[in-house]
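Beneath this line is the structure, given in structure tokens, with notes to follow.
In full-length UniProt numbering, the protein residues as written are 1 to 424.
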């Protein structure tokens, strides 16, 4: 069987792969992008039907192209986002080969480069960019047995309320996905229990500016490491219905039952930690802190932005917060479905090189692996807080492409020097 050879192979044809292709082309690096599905496949097939982007169109895009349908302050649908990346790939003439899965990557023995086994044959490459992103393997905590008689799905498998059997729904996880899904189910007439853990609750907008703008001017997108104790804190924000600030008290007032973090399950009973009030208060404190910083920025810079005192009004705690449910008999409560909005894990089992720590996480510096020739793109906090967002991955791709280009120049010099005759 013939072996195809390419300088740089990019694995993954989502936002990271498309951005990587653009910057490699600008650097003059020959490359190929392999995608096992379609371009931006996860946006199309692993998101719920009504999902829109959590950031406004002016912010969550690549610098070279605007969204064609949604205006700059709107929130594009998941299909528009996927179409955007497909159109962008066509615009830059990205060499993306769809329908090809990478099975394994191994170092060549005794010579530079890597041998790549794919579903369509063998490829040899000098460099590999793992651009598969942070949302690879859905995580469902092993609490409720599969034979418990309750439908259990991850948020990535949820599509719409009609997909679920009749009855109440327990949604575990109150980040952006969990809270939006819970809200949609409640609006569809379902009885909903929402398990709320530690979270940040930024304003959707404040004083006429979206929170994405505030995080930018306050320097928070450029933070290089998460704050102490915030590694597993989710962000509750929504672009649904034109964008709105998440307010758990409002959801409770509309009939949703809030509970603390899911803790254990036994004999049909789910128990919850007594941390609901603390988690709600923590989210409130995060909101107020950002408002304080925004007000200080306005005053310091003399900006003419309208005050918004109503956003600082915190309502009284609902009954489910002051007298929280610590145990819930799911059958008695009529719960027939559990949606686990509990995040994702990475899976680099196909990348058989020595570049991972004891927990399977890539060892790298801004995407440059400790294993020469291996690079990563799309990781959370790859270089900064914004790294896993659309605009952030584009900027990280520029750095990675520059490093690949630099290494190629050193290797080109070596090859040229080796060919030159040596003076007698």
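For each residue, glycine too, the CB sits at the ideal point set by N, CA and C.
Query, Result
"For the alpha helix (DSSP H) that contains residue 264, what are its first and last residues?", "No alpha helix (DSSP H) holds residue 264; the beta strand (DSSP E) holding it covers 262-266."
"For residue 156, I'd like the list of residues in its chain whose CB is within less than 7 angstroms of its CB, leaving aside the five on either flank, ordered along the chain.", "46 and 138"
"Classify residue 411 as buried or exposed, calling it buried when 16 or more other Cβ atoms lie within 10 Å of its own Cβ.", "exposed"
"Since residue 321 and residue 280 should fall inside the 8 angstroms C-beta cutoff, what is the C-beta to C-beta distance between them, to a whole number of angstroms?", "6 angstroms"
"Could you tell me if residue 193 is buried or exposed, where buried requires 16 or more neighbouring beta carbons within 10 angstroms of its beta carbon?", "buried"
"Output the boundary residues of the beta strand (DSSP E) element that contains residue 107.", "102-107"
"Taking only three categories from DSSP, how would you classify residue 178?", "helix"
"Express the C-alpha separation of residue 335 and residue 436 in angstroms, rounding to a whole number.", "Nothing can be reported for residue 436, as the shown portion of the chain is limited to 1 through 424."
"DSSP on residue 422, reduced to helix/strand/coil?", "Unreliable positioning characterises residue 422 in this predicted model, as indicated by a pLDDT of 48, which lies under 50. A coordinate reading is not provided."
"Cβ of residue 135 within 8 angstroms of Cβ of residue 344?", "yes"
"Enumerate in chain order the residues of its own chain whose CB-to-CB distance from residue 208 is below 7 angstroms, with the five nearest sequence positions on each side excluded.", "305 and 306"
"Using DSSP with H/G/I as helix, E/B as strand and the rest coil, what is residue 126?", "strand"
"Does the contact criterion of 3 or more C-beta pairs under 8 angstroms hold for the region 400-418 versus the region 20-38?", "yes"
"Counting only the same chain and skipping the five closest in sequence on each side, list residues whose C-beta sits under 6 angstroms from that of residue 383.", "366 and 396"
"Evaluate the contact criterion for the region 69-86 versus the region 37-45: three or more CB pairs, one atom per stretch, below 8 angstroms.", "yes"
"Under the DSSP definition of a beta bridge, which residues are partnered with residue 77?", "52"
"With which residues is residue 96 paired in a DSSP beta bridge?", "33"
"Between residue 104 and the rest of its own chain, which residues show a CB-CB distance below 7 angstroms, the 5 nearest in sequence each way excluded?", "117, 350 and 352"
"Contact check, residue 6 vs residue 30 under 8 angstroms by CB: the rounded distance?", "6 angstroms"
"By how many angstroms is the C-alpha of residue 187 removed from the C-alpha of residue 66?", "32 angstroms"
"Is it right to say residue 422 is buried, meaning 16 or more other beta carbons lie within 10 angstroms of its own, or is it exposed?", "In this prediction, residue 422 scores a pLDDT of 48, lower than 50, which makes its location untrustworthy; no coordinate-derived value is stated."
"Classify residue 32: buried if its beta carbon has 16 or more other beta carbons within 10 angstroms, exposed otherwise.", "buried"
"At a cut of 8 angstroms, does the region 168-180 reach the region 194-208 through at least three beta carbon pairs?", "yes"
"Can you give me the Cβ contacts of residue 161 inside the same chain, cut-off strictly under 7 angstroms, excluding the 5 residues immediately before and after it?", "184, 185, 188 and 190"
"Give the straight-line distance between the Cα atoms of residue 424 and residue 409, rounded to the nearest whole angstrom.", "A caution first: residue 424 carries a pLDDT of 41, below 50, which makes its placement in the model too unreliable to give a value."
"Distance cutoff 8 angstroms, beta carbons only. Does residue 307 sit that close to anything in chain C?", "Here there is only one protein chain, and chain C is not present."
"According to DSSP, is residue 336 helix, strand or coil?", "strand"
"Considering residue 292, what are the terminal residues of the alpha helix (DSSP H) in which it resides?", "276-301"
"Out of curiosity, what's the CA-to-CA distance linking residue 54 and residue 387?", "15 angstroms"
"Give the single residue among 143, 15, 302 and 50 whose Cα lies nearest to the Cα of residue 131.", "15"
"Alpha carbon to alpha carbon, how far is residue 91 from residue 233? Give it in angstroms, no decimals.", "37 angstroms"
"State yes or no: is the C-beta of residue 203 within less than 8 angstroms of the C-beta of residue 260?", "no"
"Should residue 283 and residue 201 be called a contact, given that it needs their Cβ atoms to be closer than 8 angstroms?", "yes"
"Going by DSSP, what residue range makes up the alpha helix (DSSP H) through residue 26?", "15-26"
"Go through the region 156-217 residue by residue and report every complete run of the beta strand (DSSP E) that reaches 3 residues or more, in order.", "168-172 and 192-195"
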